[in-house]
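Following: one structure in structure tokens, then a few remarks.
There are 2 protein chains.
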Amino acid sequence: MSTQSPRRKRATVHDVAIEAGVSRGTVSRVVNGERYVSDEARAAIEAAIVKVGYVPNTAARNLVMQRTQAVAFIVHEPGPLFVEDPNIGEILLGANATLSAADYQMTILVVDSERDTERVARFLRGGFVDGLIMVSARTDDPITRVIEQLELPAAFVGHPPGLTAAWVGIDNRGSARAVTERLVATGRRHIGMIAAALDRDSGVDRLQGFTDALGDRFRSDLVESVPLYSYSAGVDGMRALLARRPEIDGVFAASDAVAAGAIEALREAGRSIPDDVGVVGFDDSAWARRTHPGLSTVRQPAAGLGRAAAESVLAQLGGEQPLVDGIMVETAIVWRESA
Amino acid sequence: MSTQSPRRKRATVHDVAIEAGVSRGTVSRVVNGERYVSDEARAAIEAAIVKVGYVPNTAARNLVMQRTQAVAFIVHEPGPLFVEDPNIGEILLGANATLSAADYQMTILVVDSERDTERVARFLRGGFVDGLIMVSARTDDPITRVIEQLELPAAFVGHPPGLTAAWVGIDNRGSARAVTERLVATGRRHIGMIAAALDRDSGVDRLQGFTDALGDRFRSDLVESVPLYSYSAGVDGMRALLARRPEIDGVFAASDAVAAGAIEALREAGRSIPDDVGVVGFDDSAWARRTHPGLSTVRQPAAGLGRAAAESVLAQLGGEQPLVDGIMVETAIVWRESA
DNA sequence: CAGATTTCTGTGAACGTGCACAGATCAGCC
DNA sequence: GGCTGATCTGTGCACGTTCACAGAAATCTG
Chain A
17 MSTQSPRRKR ATVHDVAIEA GVSRGTVSRV VNGERYVSDE ARAAIEAAIV
67 KVGYVPNTAA RNLVMQRTQA VAFIVHEPGP LFVEDPNIGE ILLGANATLS
117 AADYQMTILV VDSERDTERV ARFLRGGFVD GLIMVSARTD DPITRVIEQL
167 ELPAAFVGHP PGLTAAWVGI DNRGSARAVT ERLVATGRRH IGMIAAALDR
217 DSGVDRLQGF TDALGDRFRS DLVESVPLYS YSAGVDGMRA LLARRPEIDG
267 VFAASDAVAA GAIEALREAG RSIPDDVGVV GFDDSAWARR THPGLSTVRQ
317 PAAGLGRAAA ESVLAQLGGE QPLVDGIMVE TAIVWRESA
Chain B
17 MSTQSPRRKR ATVHDVAIEA GVSRGTVSRV VNGERYVSDE ARAAIEAAIV
67 KVGYVPNTAA RNLVMQRTQA VAFIVHEPGP LFVEDPNIGE ILLGANATLS
117 AADYQMTILV VDSERDTERV ARFLRGGFVD GLIMVSARTD DPITRVIEQL
167 ELPAAFVGHP PGLTAAWVGI DNRGSARAVT ERLVATGRRH IGMIAAALDR
217 DSGVDRLQGF TDALGDRFRS DLVESVPLYS YSAGVDGMRA LLARRPEIDG
267 VFAASDAVAA GAIEALREAG RSIPDDVGVV GFDDSAWARR THPGLSTVRQ
317 PAAGLGRAAA ESVLAQLGGE QPLVDGIMVE TAIVWRESA
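Put into structure tokens, the structure is as follows:
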């Protein structure tokens with residue numbers, strides 16, 4: 017609207033100083049809200065800032081402050097699953113909310129191939145970020161190794177065995193046990209499980225919880241293992257289970273997506289739920305409200321995990337020692353109609 | 017393993033120069049792969065780099081180069097939908113793949129509240145990023161205004177009316193017309209639409225395409241408008257449509273999530289698909305393969321949109337003028353059993 | 001009113017790069 | 001041997017900020 021000059025260069029603290037008739041140091045003090053600035057100088061500088069449109073240069077600030085106000089969010093996941101797994105999105109949102117409230121930015125890194133490992137390692141070493149959040153690390157993950165020897169404030173969501181860094185997670189084992197026990201309590205006699213992602217702590221722990229709950233009644237041929245927490249894996253797993261043990265009358269699926277697939281396979285086979293077969297899942301993701309009947313499941317507060325991870329990183333940035341034992345976020349069991 | 021000194025400070029180009037017995041300038045030339053370096057100097061420097069563990073300091077480089085090698089990925093979406101809409105995740109992955117191949121990082125910004133608008137604007141002005149990708153901008157979006165006057169290389173996914181910046185998108189109108197025409201061709205007489213997100217170009221264009229296809233047969237009471245591209249909105253919309261026009265025998269839902277909700281509502285009402293009512297959706301997201309029967313829909317290459325947006329930003333960073341007309345990415349129609 | 005204290009301000013030195021420039025060395029050529 | 005041009009190297013400056021320090025001015029204290 018107004019006849020602004022076609023200035024190409026951004027205003028610096030120096031320009032503001034000249035405009036306000038003071039020195040760079042005083043401007044810096046005003047910008048950073050420090051004490052020892054006279055009222056008139058402050059007023060003049062604030063006016064000058066809006067007049068010249070001054071915005072502090074991030075790179076220069078980062079250089080002298082030795083920090084970046086950025087945290088990496090690393091997700092190690094093949095592309096498709098990143099999209100399909102609603103937990104990751106929620107964790108991301110939760111972490112982002114906490115970080116941005118503390119004026120930190122989040123840089124996202126997707127690790128998919130070996131080449132990515134190289135790239136991410138270079139990135140982390142380059143001082144682009146002050147800390148990092150790692151989601152869905154696997155056992156014996158090259159990326160995990162890189163991170164551990166990086167001396168960068170880090171928080172893992174989930175807990176690969178042998179990890180020394182801080183982590184947040186849920187009690188997968190106890191929660192899995194609790195849902196399975198309900199299946200037992202309602203009189204099911206032939207209870208199976210579709211286990212998934214056994215290359216991760218969550219997958220292993222959920223299977224553990226299942227066996228805990230069954231005790232003597234555990235039969236290994238009532239467990240079918242599938243590679244991923246996905247819908248199609250659930251379909252396959254349930255079909256295999258039905259073929260092997262047609263008398264099955266209860267199933268614990270390692271995630272809601274898997275459970276939705278299992279329900280589909282049961283429907284195919286003409287079984288009614290929950291009359292013929294009771295089904296429980298894990299996550300309380302959007303899947304659970306979408307199945308017929310509604311899925312009983314473990315409520316996993318994914319956004320809460322993201323927030324907790326972010327808080328851990330922020331605490332470490334504030335100089336605190338990370339909690340080696342990890343942080344457990346509470347789960348709850350949600351009973352719907354499927355069991 | 018080895019007795020490394022407990023060095024707290026990172027090695028600089030200066031340390032490398034001393035170690036290799038050359039000057040900073042020569043080290044810089046080696047690091048940046050420039051010509052005019054003798055073989056012996058190069059060898060000595062490369063050895064020195066690994067010896068002292070040198071990694072270039074990003075902040076210093078950014079400062080002197082006046083760029084950051086980072087691009088912002090801005091998504092303006094209430095939290096829950098970000099998680100539920102698989103397109104966003106795919107666009108993000110597509111963009112990330114292209115950007116990281118070009119050695120750019122991606123910083124994610126979620127805009128949800130008014131306060132976020134402020135924060136994001138400050139962030140963009142602060143020179144944190146060299147460019148940006150904006151997803152799901154709305155008409156009259158304060159963020160969009162901010163971006164437009166920012167003179168930063170930008171690419172929008174989708175096309176808010178009146179936008180002057182570069183954008184990529186699909187032919188929503190033509191594609192919507194094509195699916196609807198098929199509904200017409202298969203002999204449906206009372207074809208309705210659940211329109212969604214009419215505050216966005218995609219929502220408006222899909223409705224346009226629908227009316228294009230119906231021509232004279234268009235009846236405004238056969239269109240129900242819902243706020244969001246969500247499952248529950250689809251349930252509500254279909255119920256409303258059924259209540260108003262029970263004779264309805266074909267429905268175009270503005271997205272697959274909406275279609276899935278519509279199918280649920282139709283099932284409730286005892287209608288069979290596709291015999292009583294034909295249903296088509298839009299997106300070919302994971303939803304489409306999950307409904308019963310499988311959903312006929314428009315295949316929207318979300319990852320391709322992300323890649324195209326990233327390429328546009330990279331091209332602008334390379335000095336090219338943005339294409340004002342925008343870039344259209346091809347869609348295809350996928351026929352399954354629902355119509 | 002001298003001295004001590006608090007408040008306020010300006011100056012110069014970092015931070016770690018890239019780049020322009022100047023100078024040095026060396027080969028090719030008449 | 002002197003000239004030209006290509007190859008190689010070192011030095012100083014700039015990028016925009018924060019911070020330590022020194023000094024000036026104002027205020028308090030006995």
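Just so you know, the sequences run in chain order A and B. Under our numbering, the first residue of the first sequence carries the number 17, and numbering increases by one thereafter. Under our numbering, the first residue of the second sequence carries the number 17, and numbering increases by one thereafter. All C-beta atoms, glycine included, are put in the ideal place defined by N, C-alpha and C.
Whose C-alpha, out of the options, is nearest the C-alpha of residue i?
{"i": "A/I159", "options": "A/V29, A/L140 and A/F144", "result": "A/L140"}
{"i": "B/P94", "options": "B/S246, B/S271, B/D232 and B/V32", "result": "B/S246"}
{"i": "A/I163", "options": "A/V136, A/Y70 and A/R255", "result": "A/V136"}
{"i": "B/S152", "options": "B/F172, B/L168 and B/E134", "result": "B/F172"}
{"i": "B/I394", "options": "B/D157, B/R161, B/A170 and B/G142", "result": "Only positions 17 to 355 of chain B appear in this structure, which leaves residue 394 of chain B out of reach."}
{"i": "A/S312", "options": "A/F144, A/A259 and A/A275", "result": "A/A275"}
{"i": "A/D217", "options": "A/T196, A/D252, A/R154 and A/P243", "result": "A/R154"}
{"i": "B/P309", "options": "B/I279, B/G49 and B/I65", "result": "B/I279"}
{"i": "B/V127", "options": "A/T133, A/S116, A/E134 and A/V126", "result": "A/S116"}
{"i": "A/T133", "options": "A/R161, A/V145 and A/M122", "result": "A/R161"}
{"i": "B/A33", "options": "B/T74, B/R51 and B/V68", "result": "B/V68"}
{"i": "B/T196", "options": "B/T123, B/P72, B/D119 and B/Q224", "result": "B/Q224"}
{"i": "B/D156", "options": "B/V220, B/L179, B/A212 and B/M122", "result": "B/L179"}
{"i": "B/V145", "options": "B/F226, B/L125, B/D291 and B/I343", "result": "B/L125"}
{"i": "A/Q121", "options": "B/G203, B/I104 and B/V87", "result": "B/V87"}
{"i": "A/N112", "options": "B/L109, B/I90, B/T114 and B/E106", "result": "B/I90"}
{"i": "A/Q332", "options": "A/G142, A/A76 and A/A181", "result": "A/A181"}
{"i": "B/G266", "options": "B/L244, B/F226 and B/S248", "result": "B/F226"}
{"i": "A/A64", "options": "A/S248, A/S288 and A/H30", "result": "A/H30"}
For a test of the three-state rule: what should DSSP assign to residue i, helix, strand or coil?
{"i": "B/Q240", "result": "In the sequence as presented, Gln is not what sits at residue 240 of chain B; that position holds Glu. Reduced to three states, the DSSP call for B/E240 is strand."}
{"i": "A/S271", "result": "coil"}
{"i": "B/D292", "result": "coil"}
{"i": "B/H206", "result": "coil"}
{"i": "A/A211", "result": "strand"}
{"i": "B/I90", "result": "strand"}
{"i": "A/G266", "result": "strand"}
{"i": "B/I186", "result": "coil"}
{"i": "A/F172", "result": "strand"}
{"i": "B/A331", "result": "helix"}
{"i": "B/V251", "result": "helix"}
Could you tell me if residue i is buried or exposed, where buried requires 16 or more neighbouring beta carbons within 10 angstroms of its beta carbon?
{"i": "B/P262", "result": "exposed"}
{"i": "A/Q82", "result": "exposed"}
{"i": "B/H92", "result": "buried"}
{"i": "A/S18", "result": "Below a pLDDT of 50, predicted positions are generally treated as unreliable, and A/S18, at 33, falls in that range; the measurement from the model is reported next regardless. By the neighbour-count rule (16 or more Cβ atoms within 10 Å), A/S18 is not buried but exposed."}
{"i": "B/R235", "result": "exposed"}
{"i": "B/L48", "result": "The residue asked about is misnamed: residue 48 of chain B is Asn in this sequence, not Leu. So B/N48 ends up on the exposed side."}
{"i": "B/Q20", "result": "At B/Q20, the pLDDT of 32 sits below 50, so the modelled position is not reliable and the matter cannot be decided from this model."}
{"i": "A/Y52", "result": "exposed"}
{"i": "A/R233", "result": "exposed"}
{"i": "A/A348", "result": "exposed"}
{"i": "A/P6", "result": "There is no way to answer for residue 6 of chain A, as the model of chain A reaches only from 17 to 355."}
{"i": "A/S129", "result": "exposed"}
{"i": "B/D272", "result": "buried"}
{"i": "A/R306", "result": "buried"}
{"i": "A/Q85", "result": "buried"}
{"i": "A/S328", "result": "buried"}
{"i": "A/S354", "result": "buried"}
{"i": "A/W303", "result": "buried"}
{"i": "A/R260", "result": "exposed"}
{"i": "A/E167", "result": "exposed"}
Between residue i and the rest of its own chain, which residues show a CB-CB distance below 6 Å, the 5 nearest in sequence each way excluded?
{"i": "A/R222", "result": "N188, A192 and A270"}
{"i": "A/R58", "result": "V46"}
{"i": "A/G253", "result": "I210, E240 and V242"}
{"i": "A/G203", "result": "none"}
Please return the same chain residues whose Cβ sits closer than 8 Å to the Cβ of residue i, not counting the five positions on each side in sequence.
{"i": "B/V345", "result": "V184, G185, I186, P317, G320, L321 and A324"}
{"i": "B/L339", "result": "A182 and S328"}
Can you list the alpha helix (DSSP H) stretches of 4 or more residues lying completely in the region 109-163 of chain A, in chain order? 130-141
Continuous alpha helix (DSSP H) assignments of at least 4 residues falling wholly in the region 47-84 of chain B: 55-68 and 74-81
Starting from the N-terminal side, write out each stretch of the beta strand (DSSP E) that is 3 residues or longer and does not extend beyond the region 274-328 of chain A. 294-296 and 313-315
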